[in-house]
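Everything in the sequence shown is counted per the numbering used here, starting at 83 for the first residue and increasing by one. The structure under discussion appears below in the form of structure tokens.
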Amino acid sequence: MAGEMIKVLQRCGECNELLGEFEVKKENMMLRSQASIWCANCNSEVTEIRDIDGRLESLAEEQNTYPISSPSGAATSKNSNDLN
Ligand SMILES: [Zn+2]
């Protein structure tokens, strides 16, 4: 189990621009960073936000867009691999 690498995205805390990414071992992951990072978009140093590549966002999106009461019932089994 040890040694699994995950990709972490670094985003601007102000404008949410993707500023960089790096890979880190899962057990060493620190998403709560207080580090500052330069954002060319804001033209200033901003607090960086760290995001696990894709996973958290897609999970949230799935829950938000999940058809709670689909009139056709066609989307009943559509619960994954439906990312845009
Ligand atoms: Zn920015």
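Even glycine gets a Cβ: it sits at the ideal position worked out from N, Cα and C.
G102 is not a Cβ neighbour of T129, given a cutoff of 8 Å.
Shown here, E96 sits in coil according to DSSP, grouped into three states, outside any helix or strand.
Here the alpha carbon of M111 sits roughly 23 Å from the alpha carbon of C97. For R114, the number of other beta carbons within 10 angstroms of its own is below 16, and it is reported as exposed. DSSP places E109 in the helix class (H, G or I) of the three-state scheme.
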